[in-house]
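Taken in sequence, the protein lines are chains P and F.
The opening position of the first sequence corresponds to residue 136 in the working numbering, with each subsequent residue numbered one higher.
The opening position of the second sequence corresponds to residue 5 in the working numbering, with each subsequent residue numbered one higher.
Report on the structure given below.
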Amino acid sequence: MTTLTPSISASLLAILPELVILITACTVLIADLYTRPDQKESNHSLTIIGLVAALLAVGFIGGSVPTAAFSESFVRDPMSDLLKGAILIVSLLTFVYAKDYMRDRDMWVGEYHVLLLFAVLGMLIMVSANGFLTLYLGLELLSLCLYALVAFDRDSKAGAEAAMKYFVLGALGSGMLLYGISMLYGASGGFAFADVAAAVASDEVNEQILVFGLVFALIGIAFKFGAVPFHMWMPDVYQGAPTPIVLFLSSAPKIAAFAMAARILIEALGGLQTDWGEILVILSVLSLALGNVVAIAQKNIKRMLAYSTISHVGFIFLGLLAGSEQGYASAMFYSVVYALMSAGAFGVLLLISSKGQDVQELDDLKGLSDRDPWLAAMMALIMFSMAGVPPMVGFVAKLLVLEAIIAQGMVWLAIVAVIFSIIGAFYYLRVVKLIYFDKPTTELPVTTSGGARLAITLNGVAILLLGMYPALLFSYCQQAFAV
Amino acid sequence: MLFEFPWLSLVIWLPIVGGIVVIASGEQNAELTKRIALTFALLTFLVSLPLWSGFDASTASMQFVERSPWLPALGIDYYLGVDGISMPLILLTTFISIFVIIAGWDVISYKPSQYMAAFLIMEGIMVGVFSALDAILFYFFWEAMLIPMFIIIGVWGGPNRVYATIKFFLYTFFGSVFMLVALIYLYFQTGSFDILGFHEVPLGLSAQILIFIAFLLAFAVKVPMFPVHTWLPDAHVEAPTGGSVILAAIMLKIGGYGFLRFSLPIAPDASAELDWLIITLSLIAVIYIGLVALVQQDMKKLIAYSSIAHMGFVTLGFFIVFAIFQRAETAGAVMGIEGGMVQMISHGFISGALFLCVGVLYDRMHSREISAYGGVINRMPWFGAFVVFFAMANAGLPGTSGFVGEFMVILAAFRADFWFAFLAATTLVLAAAFTLWLVKRVIFGDTANDNVAALKDLNPRETLNLSVLAAATLAIGIWPKPLIDVMEPTIDNLVQQIQVSKLPEGAEFIAPPVARLQP
């Protein structure tokens, strides 16, 4: 990392996107007090403006030269630029898709906007962390907001149960991470990733303590990703929480979790790649196996998508464990693409949920193509993409990961991955089957606002376009890890 | 001049654009939609003709080549080109697609625009499969092909369509992902995804065998070969007529094409080692599946099984070459592969036509059971004549295209081993038995029941379809020379290529891939 010591104004410039989000969150918090309950449109508009402004800020301060700020505790580099952009875009999608759903259920209140914005802020901080403390700060800001959001429908028993489970297990995961961090701190004497990396490289540090710390930090990462065997919270949270929150939870935080994994494993502990690579092999194979197989048995579509997430996490880990620049870039590509697909899938579920009728079961999708051909086509596109069928981007993401691991001579791992992809294809196809081949159970037409329809269209087009021209995104991913 | 124009891209993307236009035209005006679809299908056929007229039949190298970087970081190019193997198959695709559109004209009333669009998009993708020279581009088209077919069978198919279409999708998907792993492995041996580069790279025997098996899984499912053929009868029976025609006439050929483009030239030593496996499976397909066809009660199933048996001939023709080499001959080897190719083209016409014939009956009676018919010729003399003609062609009657391919393969098989030829020749008996018996039960005899008595003969559209296909079948049967001339240099070259061992000296085991990606 460069060691320019910037002035305070330069430091503030480096956190411009975070500042924008913070100011937006505070503005919404105050503005909410002065608006009547039937005029909450302004909250929404403010939030959208804030997110767009933050996106512009990311673009404005972005560049290929990394800048550190606030005594090296914060860094802005090509990786953080790209991931922040992706997080902000996915969050924008969340707000747009969720608008009608939340309003119909009287949950479209100021707190919802504020909590989501603070969660976004937490993620932005995580992405730009240059040391364990900053990282942990961002992670907790994100997690606390998410706990509250999962229980946002306060009359829902399932929601409360999910939140409780999420909170206890999430706190456990954070605790593990913190314990690991303390070990690494003890061994290296510093919180900055560079300090730990230097300690790993120096050979003077007790390697046992380092590996001990690594294992705990890795467990924390696996918890946040939801990799097997630390996935227990995911199905219940996905099923119990309100769909808009699941949309958010399943997309943007995965990008942030990737950033956390990249910062800890690659920047700080890159020297121990052989150690964590082996652990990741086990985690990813288990995730691929359990996620894909158990998803087949699900009747609830949100639960099914939870298991699908677990299997995709397996693929992201495959990219990481390759331990090459190519592998890291492919894992990054996969995370961003996955967030985009997941946002789209839950977005369709939100749009076809009508007032008082939540889409929960797979059977609720029956005959969607008769009710709304366009949304049906988008959902089919996303499902084929998740199954990894060209020309959708999901295929390219899998291809890049497979290439990275075959380059390392791990052909057997690639074969395991493709076998579970075939198994996984079945349940994605079943969704397409329900949409296209079955007769609808209800004649209710789907009513959506124009904005949401435009957003889902853009989302689908992005999935197709990135599949045809993956270089649009992948070249940036490569830049992030180019030495 | 002619060669610089991107004809191949045009043939790929014109129907795909057409499909999008057709979808966009909506369901309100079905007549207009169908006209647009037919226009695009005809235009595509027209723009594919220069591939034939501009083709230089004196060289084995790739023609109409287009190449531009696509994902440069990984050495993936948008790389197209045709040779004597792929060019006839592309023309077959654009030719057959026209009849599929016409065949669906009156029959499809549920969402006709989506139906037509699916077939147009399918056509473009299939041309893409035949013309891709970059392995990832090939895989891209190869897999993308599944989506329209999945929807065609699932939406417009018969009562058990959902089972059939999911089985179809998963079988093919299963086969192809292993091919993807093999392709990536080859990439690390050569440093690019250029298929022609794969042909050159030396590989150890164990690596070749693994690659061969990975390819075999993909292509054997597609062809389909015994014992992974079980998806085909299901898919055929449930698919709408147009879907069956595309499946039989073109999609099965993609498996055969894969053997010629990938398995043989990339892993020649493994092919030589394992040729007994393919020959055995092919002979089982010819004899056992021929017997299975004999006992079918459903007309479409019968033709589906007959397709498997005929495709057995194709794979037999491709893989007897190694036995012929041992007798130090190459002319017979060339004849075997050419016979397989002619058989593929001819089977495209004949099976397509037979499925159209079944479709003609099904549209009138809504039954595919053989027992529901009898004496159709009394009411439908023209139709009866066509069915008898195509049945004869299917049985390999001299003068039809069915004869040429089978004859060449059997002749070549004689040069390999008497018993191969003997067993393969049983098809002449078996195919005659099941097709003629079918004709006897359905077409001839007394009018079976009142439904048959109420049948009306072919309408002009159906007559047009069947007579053009009959003309094509006859043309290749009587004068196959133009077709063979086009293929000859390419197949000569292929035979020379697979005679040269690709084993590196002294290396017997898979060398660990050392190539690291450099951005």
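Every residue gets a Cβ at the ideal spot worked out from N, C-alpha and C, and that includes glycine.
- Query: By how many angstroms is the C-alpha of Glu-342 of chain P removed from the C-alpha of Ala-397 of chain P?
  - Reply: Ala-397 of chain P and Glu-342 of chain P have their alpha carbons spaced roughly 21 angstroms apart.
- From Leu-295 of chain F to Leu-434 of chain F, what does the alpha carbon distance come to, in whole angstroms? Their Cα atoms are separated by approximately 7 angstroms.
- Item | As assigned by DSSP and simplified to three states, the class of Asp-198 of chain F | Strand at Asp-198 of chain F.
- is_contact[Val-420 of chain P, chain F] using C-beta, thresh 8 angstroms: Closer than 8 angstroms to the CB of Val-420 of chain P there is not a single CB belonging to chain F.
- Residues bridged to Asp-138 of chain F by DSSP? DSSP output for Asp-138 of chain F lists F:Asp-198 as bridge partner(s).
- Query: Taking C-beta to C-beta, are Gly-127 of chain P and Gly-462 of chain P nearer than 8 angstroms?
  - Reply: With chain P covering 136 to 618 only, the question about residue 127 of chain P has no answer from this structure.
- Cβ-Cβ separation, Ser-263 of chain P to Val-210 of chain P (assumed contact under 8 angstroms), whole Å: About 6 angstroms; that satisfies the 8 angstroms criterion.
- Run through DSSP, which three-state label would Leu-298 of chain F get? Here DSSP, grouped into helix, strand and coil, assigns Leu-298 of chain F to helix.
- Output yes if chain F places a C-beta closer than 8 angstroms to the C-beta of Lys-359 of chain P; else output no. Not closer than 8 angstroms to any Cβ of chain F, the Cβ of Lys-359 of chain P fails to qualify, so no.
- Quick one: which chain F residues come within Cβ less than 7 angstroms of Lys-574 of chain P? Those do not exist, as Lys-574 of chain P stays about 12 angstroms from chain F at its closest Cβ, beyond 7 angstroms.
- Which of the residues in the region 541-567 of chain P, read from start to end, lie with their CB under 7 angstroms from any CB of chain F? From the region 541-567 of chain P, only Ile-541, Ala-542, Gly-544, Val-546, Ala-549, Ile-550, Val-553, Ser-556, Ile-557, Ala-560, Phe-561 and Leu-564 have a Cβ closer than 7 angstroms to chain F.
- Query: What is the DSSP secondary structure of Asn-435 of chain P, reduced to helix, strand or coil?
  - Reply: Correct three-state label for Asn-435 of chain P: strand.
- Message: Against chain P, with Cβ distances strictly below 8 angstroms, would Ala-121 of chain F count as a contact?
- Response: No, no contact with chain P.
- Message: For Glu-70 of chain F, report the span of its beta strand (DSSP E) as first-last.
- Response: Residues 67-75.
- Message: Please list the terminal residues of the continuous beta strand (DSSP E) segment that includes Asp-507 of chain P.
- Response: Counting along the chain, Asp-507 of chain P falls outside any beta strand (DSSP E), and DSSP gives it neither H nor E.
- Message: Taking CB distances under 8 angstroms as the criterion, tell me whether Thr-137 of chain P reaches chain F.
- Response: Here the model assigns Thr-137 of chain P a pLDDT of 47, short of 50, so the residue's position is not dependable and the matter cannot be decided.
- Message: Taking 8 angstroms as the threshold (beta carbon to beta carbon), is Ile-170 of chain F in contact with chain P?
- Response: So, interface residue.
- Under 9 angstroms Cβ-Cβ, which residues of chain C neighbour Ser-470 of chain P? In the displayed structure, chain C is absent; the protein chains listed are P and F.
- Task: Take the Cβ of Ser-180 of chain F as the centre, count every other Cβ of all protein chains shown within 10 Å, and call the residue buried at 16 or more, exposed below.
- Result: By the 10 Å Cβ count, Ser-180 of chain F comes out buried.
- Message: Cβ closer than 7 angstroms: which chain P residues qualify as neighbours of Val-181 of chain F?
- Response: Residues of chain P with a Cβ closer than 7 angstroms to the Cβ of Val-181 of chain F are, in chain order, Val-553, Ser-556 and Ile-557.
- Message: Within a Cβ cutoff of 6 angstroms, which residues of the same chain sit near His-366 of chain P, ignoring the five residues on either side of it in sequence?
- Response: The answer, listed in chain order, is Ile-445.
- Task: State buried or exposed for Ser-465 of chain P, treating a residue as buried only when at least 16 other CB atoms are found within 10 Å of its CB.
- Result: Ser-465 of chain P is buried by the Cβ-count criterion.
- Message: Using 8 angstroms as the cut-off, can you tell me whether the region 122-142 of chain F makes contact with the region 189-201 of chain F, which would need three or more C-beta pairs spanning the two stretches below that distance?
- Response: Yes: the two stretches touch, three or more of their Cβ pairs being nearer than 8 angstroms.
- Inter-residue Cα distance where the pair is Lys-460 of chain F and Asp-450 of chain F: Approximately 16 angstroms between the Cα atoms of the pair.
- Message: Using a Cβ-Cβ cutoff of 9 angstroms, what residues of the region 365-387 of chain F are near chain P? List them in chain order.
- Response: For the region 365-387 of chain F, which is checked against every Cβ of chain P, not one residue is closer than 9 angstroms.
- the region 137-171 of chain F: positions lying closer than 9 angstroms to chain P by Cβ: The residues in question are Ile-140, Tyr-143, Phe-144, Phe-145, Trp-146, Glu-147, Ala-148, Leu-150, Ile-151, Phe-154, Ile-155, Gly-158, Val-159, Gly-161, Arg-165, Val-166, Thr-169 and Ile-170.
- Query: Can you find a C-beta in chain P that's less than 8 angstroms from the C-beta of Ala-308 of chain F?
  - Reply: The Cβ of Ala-308 of chain F sits no closer than 8 angstroms to any Cβ of chain P.
- Task: Indicate the three-state DSSP secondary structure (helix, strand or coil) for Val-86 of chain F in the structure shown.
- Result: Val-86 of chain F falls in the strand class under three-state DSSP.
- Item | DSSP-derived helix/strand/coil call for Asp-110 of chain F | Asp-110 of chain F: coil per DSSP, three-state reduction.
- Query: With Val-163 of chain P and Val-249 of chain P assumed to form a contact (beta carbons below 8 angstroms), what rounded beta-carbon distance in angstroms separates them?
  - Reply: Under the criterion of beta carbons closer than 8 angstroms, Val-163 of chain P and Val-249 of chain P qualify as touching, at roughly 6 angstroms.
- Item | Three-state secondary structure (DSSP) of Phe-317 of chain F | Phe-317 of chain F: helix per DSSP, three-state reduction.
- Coil, strand or helix - Phe-195 of chain P by DSSP: Three-state DSSP puts Phe-195 of chain P in a helix.
- Going along the region 424-440 of chain P in order, which residues come within less than 7 angstroms of chain F, judged by CB to CB distance? Those residues of the region 424-440 of chain P that come within reach of chain F (Cβ to Cβ, closer than 7 angstroms) do not exist; the list is empty.
- Task: Output the residue ranges of the alpha helix (DSSP H) runs that lie fully inside the region 437-506 of chain F and measure 4 residues or longer, sorted by chain position.
- Result: As far as the region 437-506 of chain F is concerned, its whole alpha helix (DSSP H) runs of at least 4 residues are 454-457, 464-482 and 485-503.
- Is the region 502-519 of chain P touching the region 533-548 of chain P, taking contact as three or more C-beta pairs under 8 angstroms? Flag = no, the region 502-519 of chain P and the region 533-548 of chain P do not touch.
- Task: Just the chain P side, please: which residues come within less than 9 angstroms of Ile-16 of chain F by C-beta, in chain order?
- Result: By Cβ distance, chain P contributes nothing, its closest Cβ being about 12 angstroms from Ile-16 of chain F, past 9 angstroms.
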